[in-house]
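Here the structure comes first, spelled out in C-alpha cells, and everything after it is commentary.
Protein chains: 2
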Amino acid sequence: MLSYDPPVADYMFLFKELIDLDKHRHLRGFADLDFEVIEAVLTESGKIASEVMLPLSASGDREGCTRHPDGRVTTPSGFSDAYRAYAGGGWAGLAAPTQYGGQDFPRTFATAAMEFRSASNQSFDMYTGWGESIAEIMMAHGTADQCDTYLTRLISGEWSATMGLTEPHCGTDVGLLRTHAVPQPDGSYKVTGTKIFNSGGEHDLTDNIIHFVLARIEGDPPGSKGISLFLMPKLLRDENGRFDLHNAVSCGSIEHKMGLKGSATCVMNYDEATAWLVGEPRQGLIGMFKLMNAIRRRTGTMAVGVSELATQNAVAYAKERLQGRALAGAKRPEAMADPLIVQPDVRRTLMKLKSFNEGARALLVWSGLIADIVDRTPDKAEGAAAEERLALITPVIKAYLSDEGFNNTVGAQQMFGGHGYMAQTGVEQLVRDSRMLAIAEGANGVQGVDLVLRKLGHNQGQSAFDLIDEIVAQLAANRTSTPSLSLVEAMAQALDDMREATTYLVGLGSRDREAACAGATDYIHLMGLVLVGYMWLRIAEAATRQIKEDRDESGEMAAKLMRARFFAERMLPETSLRLTRIKASADSVMALEEQWF
Amino acid sequence: MLSYDPPVADYMFLFKELIDLDKHRHLRGFADLDFEVIEAVLTESGKIASEVMLPLSASGDREGCTRHPDGRVTTPSGFSDAYRAYAGGGWAGLAAPTQYGGQDFPRTFATAAMEFRSASNQSFDMYTGWGESIAEIMMAHGTADQCDTYLTRLISGEWSATMGLTEPHCGTDVGLLRTHAVPQPDGSYKVTGTKIFNSGGEHDLTDNIIHFVLARIEGDPPGSKGISLFLMPKLLRDENGRFDLHNAVSCGSIEHKMGLKGSATCVMNYDEATAWLVGEPRQGLIGMFKLMNAIRRRTGTMAVGVSELATQNAVAYAKERLQGRALAGAKRPEAMADPLIVQPDVRRTLMKLKSFNEGARALLVWSGLIADIVDRTPDKAEGAAAEERLALITPVIKAYLSDEGFNNTVGAQQMFGGHGYMAQTGVEQLVRDSRMLAIAEGANGVQGVDLVLRKLGHNQGQSAFDLIDEIVAQLAANRTSTPSLSLVEAMAQALDDMREATTYLVGLGSRDREAACAGATDYIHLMGLVLVGYMWLRIAEAATRQIKEDRDESGEMAAKLMRARFFAERMLPETSLRLTRIKASADSVMALEEQWF
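Chains as they are written, first to last, in numbering that gives the first Met the number 0: chain A, 0 to 596; chain B, 0 to 596.
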C-alpha cells in the first residue's frame, strides 16, 4: 500500500519565492489573492487526495470497471463516494469561472490540486477536472443557453464531460474521421458513428454525461477542414424540463488496458444521437485545439504527480529496507544490515527522481502563470506574448514530462528490487498507469513534430530565441547570486546547445521537414532539460537568498542547492548528446527503404 | 495477437561471418560442427517457439497460474502440452553434457534457441532451460549418485529444477538468510525455512521438481560464509525406488505480479524437508555464483528476445497503419493516408530498436563463444583468459541489455499509439514481462557494483584494458576495410571514453568505493555501448566484404551498414555523456544526509 504526502510546502515555496505576486496583481483574480488562502486550498485538496482518492487506487486497479449487458458501466467500489466528496467540495469548479459557479482559482495555484489528485489516483482523476477546460470552449464557442444549461452543471460536478475524438481507423489523423451529423429542422443534429478510447464515455459517477464530439456535417469537405464540434448529452431534456430521456448514445464495450483500470475507456456508438453544434460549422478543431493544449499541459502535471508518489515511496522503502552494508563500512553495525539508502546507486537514482520532481513542479507553476496571463491579463501585448510562449512550451511540457515521469516510476520501482515487481507493493501500478501519459493526448512523437515544424517554423524560431534570452538574463542574475554553483556553468552550456540546435533546426526545417523531424524528440528533451534547469536557477537563487537571510532553519534550502547541483552535473550534460543527435545526418533515419525495416 | 519470425538468418550470418569456426575446432564439441546442422537446430527451435510457445503467451498472461487450496499450482492452459513438446524434442538438454543424455550443443549456437524461446513466451521460458546450468553445478559439486539420479532426469526434461534463494527479509544480501539445515544420521539434512520469489517452485509441468536451496547448517557462522547448497526433491524415493513420497516442501502462495503471469512465482515453505548437501558445507555460494552468472547472461538473452519480438510487431504495425501524410508530400496519394513508417520519428525509433537488436545479438554470440572457451578448451591459458573476460562482461550483458531491452519494448509500444496501451494488441504485455529483467537475478544496480568494485578492482582494470586493446585492433582493421563508415570515428571516441572512465574508476575505487559506485550504472552503460559498437564494427566488416564480393543480392548487407551508421551517429555518442557523469563529483550523490531524501 502506497503512502502519499502532498507536497504543499514545496508548492508554497515556489509560490512565495518564484512568483512575484505583486507584479501580477493586474491579472483577473490575482488582486486579492493571499498565501493563507492558497495554502488552505492546497492543504484541503491534498487531504481529499491522500485520504479519499489514494485508498481507492490499488483496489480500483484490481477491480477495474465493468460494462453490464445493458450497456451500463460501473466504476470500482468507492469511486462514486469519492466523486461525491470531490464534487461536493467544489473541486470540479476550482479553476472555472465564477459566472457559472466556479471559484476562478488561477491555474498557477490550481495546478497543485491537479498534481495531488493525479498522484493519488490517476484513474479517478481521469473522470474529473473538466470544468475549466470545457468552460473555455463553451464560453468562447457555445451559446448562452448551452452555457446556462450544461456548463453550470459541469462546473458544479453534477454532470461530467467526455471527449469523442478517436475512431478505430483514426487517432492522430483526426481529419479521417467518419462520424457524421445530419442537420434537423429544429437546429439540432443527428449524429452517427463510433468513437474509441473514450475515457469516461460511460460510467456511474454522474447521471448525465456530456459528450463533446467531433463529426462531419453531411456534405462538408473531407479532411480536417470539414470537422465540427458537437455537444451530445447522454440524457436529454423531456417536455417537463427534466433530463431523463436517453439519447441514442451507448457504450459498446470497454477496453482492457495495461493500467488505468479504474478509468472506463469506452467504445461509444452514436446511432442518430441528438447533438448541438458548438461554435461555427467546420470550425470544430479550433475549440478542440485549445482544449487539447490544456489537456497536454495537464498530462505533464499528471506525470509530475505520479513521479512524486513513486519517489516518496521509493525513498521510504530505501530508508526502511535493511540489506547489505555501506561500501565505506557499516553504518548501523548494531542492525543486521544497513538501509538501502546508504548505497550510491540507490542515492543516485533517488537524487535523479527528486531533482526532476522539484524542477518539473516549478515548471508547472511557471507555465500555469503563463496560461493565467493568457486568460487573465487586460494587456493585449502581454497576453499575445504569453500565448506565443505557451504555444512553444506546451509540447515540451507534455512530452518531456511524460517521458521522464514514466522513467521515474520505473526508477522508483527498481529501488524495491523483486518486491517492486509484485502487485501488492503498489509501485508497479504506477509504471502501468503512467505509461499512458506519453501515448495519449497526442503521442510524444507528434509533439516533436508540432514543436519543430509548427512552433519553431512559424516565426523562424523567434519564440525559442526569446525564451533563451529570458533564461540568459536569469543566468546573469545567478552569476551574481549563486556564482559558485555548478548549475551556472552547466546552464550556460545547455543554453548554447539549445541555441545551436534551434538555429540548426530552423534552417533545416525550411529546407527539409523530414530531416528536421528526425531530431524532433531530441529537441523536445533538450528544451525540457533547459526549462527544468531554468527553474533550478530560480530555485537556487531563492534558496541562496533564504540561506543568506538566515531563514533556512531546517536546512531544506541547502538540500535544494545540492539537488540543483545533481541536476546540473548529472542531468543537464544530456543536452550535448541531444544536440549531437539533432545535428547528425538524417540519412540513417530516412534513407532506408521500407522493406529494410 | 503478436507474430514472430525467429531471426535464424541473422544468427547464421553471425555464425558464418563473425566466428572463424576453424580457429575453434579444438574446443570440445566444435570439431565436427557444420552450419547445416546448426541451421537445422535453429530452424526447429524457432518453429517450436513460434508455433507452440508464442500462441500461449497472451492467453497465459490472461489466465495466469492458480494455487489450489491443497497447495497444488496449475499453469495456464496449454503449458503442459507445450512442455511435453519441449522436453520430448530434447530441448531441455540441448546444451547439456552428453554423459547425462544432453546434446552438448555449444552455447555459442544454443543462445539462439534461448532467444527464440524467451521471445515467444517469457513466462513459459522461466520453467525451462535449467539442464545445462544445473549440470554445471552438479558435475562440479554433486556426487555421482546425485548426477545419475537427478541430472539425467533434469536434462531429459522429465523433471524440472528451481532455485530457493530469496527470503522475505533478504534478497541481494543472501548472507542474512535464516533457512537452516539439521544433519541427520543417514547423511541427509532436515531443512526448515521460507523462500520467496521462487520461480517454478511448484507447478504441474513435471511430476518432480528439484529444489536447489541455500541454507545454513545449524551451528555454522552467520553471513555468507555459513551458507551451504542443498538438493531438495519435491518427491522422494520410496522403498521401491519410485519417486512418490511427498517431501515436506509446499507452496504457501503465489505472487500477483506486474507481468510473467504464466510463470508461478512461489512462496515455498520447507518444514523439516529432506535434502542433501551439494558440494562442501559452507561452500554453497561457489556453485551458486557460477549458476547465477549463467543466468545473468541468459537474462541478457531474454532481453534481446523480447526486444526483437516487440520490434518485429512495431515494424509490422508501422507499415500497415495508415495515418497522416509524409512530411515531404503524400507517399500513397491513392490511399486515405500514408503508413506510419514514413514518419521520421517512427523511423528513428525503429532504427534504434533494430540497431540495438542486431548488435546485441552479436554480443550474445560472442559472449557465448567466450563461455564455450571457458568450458571446452583443453588450453588452460586460453580458458583462464576467457574466464577473466567472461567475468568482466557478465554484469554488462545482464544490466545493459536488460535496461535497453525493456526500453525497447516501451519504444515499440509507443509506435502503436493508443492501441499499444490496450491488452488485445499484445505489446503492453512485453513491457510488463520484460520489466522483470532489470530487477531479477541481481538488480542492475548490484551489477554496477560488481563491475566497478570487483571486476575492475581485482586487477586494476586490466581486464577492461585488455578488452579495449582487442577492440582497438578491430578498429584498425576497420580503418582499412570500412574507412568511410562513421562508426570508425565514433568507436574511436567511444573507446577513448571507456579508457578514460576505466582509468578514473580504477583510481577512484581504490580510494573511495562509494564515489566510484556513484558512476557504476553509467559505466555499465558506457561499456555496453562500446561492446555493441564493437560488434557493429565486426558486422560492418563482414557486410562490406560481402558487398565487395558481390554477395549482397538482397541488399541486406547495405542495410546493415546503414544500421551501423545509425548506431554510430545516434547511439554511441552517449558514451561521452556517461563519461561526464562518471567523472562528476560524487558529492551530489553521497553528501546529503538521509533525512533530505
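Heads up, the beta-carbon is just placed ideally off N, CA and C, and yes, glycines get one too.
Just so we're clear, the structure is a prediction, and the values are computed from it rather than from any experiment.
Here DSSP, grouped into helix, strand and coil, assigns A:Lys189 to strand. The residues Gly447, Val448, Leu450, Val451, in chain order, have a CB closer than 7 angstroms to that of B:Ala519 in the same chain once the five nearest residues on each side in sequence are set aside. Separation of B:Glu403 and B:Met570 (C-alpha to C-alpha, rounded to the nearest whole angstrom) is 12 angstroms. DSSP links A:Ser159 through a beta bridge to A:Ile208. For B:Asn246, no beta strand (DSSP E) segment is defined, and its DSSP state is neither H nor E.
Residues of chain A with a Cβ closer than 8 angstroms to the Cβ of B:Met561 are, in chain order, Asp586, Ser587, Ala590, Leu591, Trp595. Neighbours of B:Cys516 in chain A, taken as residues whose beta carbon is under 9 angstroms from its own, are Leu326, Gln342, Pro343, Asp344, Arg347 in chain order.
Sequence-ordered contacts of the segment 388 to 414 of chain A with chain B read Gln413 [C-beta pairs closer than 7 angstroms]. Taking a Cβ-Cβ cut-off of 7 angstroms, the neighbours of B:Glu254 in chain A comprise Met421, given in sequence order. In this structure, the beta-carbon distance from B:Gly304 to B:Ser117 falls below 8 angstroms.
Cβ neighbours of A:Arg347 within its own chain (closer than 8 angstroms, five residues either side excluded): Arg569.
Put simply, the CB of A:Val51 is far from chain B, with every gap to its CB atoms at 8 angstroms or more. Taking the Cα positions, A:Ala325 is about 9 angstroms away from A:Ala336.
Put simply, the segment 97 to 112 of chain B touches the segment 358 to 371 of chain B. At least three CB pairs are less than 8 angstroms apart.
When the five nearest sequence neighbours on each side are left out, the beta carbons in the same chain lying within less than 8 angstroms of the beta carbon of B:Ala557 are those of Ala542, Ile546, Asp551, in order along the chain.
Within the same chain, and ignoring the five residues on either side of B:Arg24 in sequence, the residues whose Cβ sits closer than 6 angstroms to its Cβ are Ala30. At least one beta carbon of chain B lies nearer than 8 angstroms to the beta carbon of A:Cys169.
Taking the Cα of B:Met162 as reference, the smallest distance to any Cα among B:His168, B:Met257, B:His210 is reached at B:His210. The beta-carbon separation of B:Lys194 and B:Thr165, rounded to 6 angstroms, stays under the 8 angstroms limit for a contact.
Bounds of the beta strand (DSSP E) holding B:Thr273 are 264 to 276.
Under the three-state reduction of DSSP output, A:Asn197 falls in the strand class. Looking at A:Val7, A:Leu17, A:Asp219, the one whose alpha-carbon comes closest to that of A:Ile37 is A:Val7.
Under the Cβ criterion (8 angstroms, minimum of three pairs), the segment 407 to 421 of chain B does not count as touching the segment 230 to 245 of chain B. DSSP places A:Met257 outside both helix and strand once states are collapsed to three, so it counts as coil. When secondary structure is reduced to three states using DSSP, A:Phe229 falls in the strand class. Using beta-carbon distances, A:Ile546 does not count as an interface residue toward chain B, since no partner is under 8 angstroms.
A Cβ-Cβ distance of about 3 angstroms is found for the pair A:Gly258 and A:Arg431, placing them in contact under the 8 angstroms criterion. Segment contact: the segment 41 to 48 of chain A against the segment 58 to 74 of chain A, fewer than three CB-CB distances shorter than 8 angstroms; contact not assigned. A:Ala500 is not a Cβ neighbour of B:Pro343, given a cutoff of 8 angstroms. Within 8 angstroms of the CB of B:Gly416, the CB atoms of chain A belong to Gly170, Thr171, Ile438, Ala442, in sequence order along the chain.
Within the segment 277 to 313 of chain B, no complete alpha helix (DSSP H) segment of 4 residues or longer occurs. Uninterrupted beta strand (DSSP E) stretches at least 3 residues long and entirely within the segment 350 to 390 of chain A do not occur. Closer than 8 angstroms to the CB of A:Phe123 there is not a single CB belonging to chain B. Put simply, the CB of B:Leu175 is near chain A, with a gap under 8 angstroms to one of its CB atoms. When Cβ pairs closer than 8 angstroms are counted between the two stretches, the segment 490 to 499 of chain B is seen not to touch the segment 349 to 366 of chain B, the count staying below three. Assigned with DSSP and collapsed to three states, B:Ala422 falls in helix.
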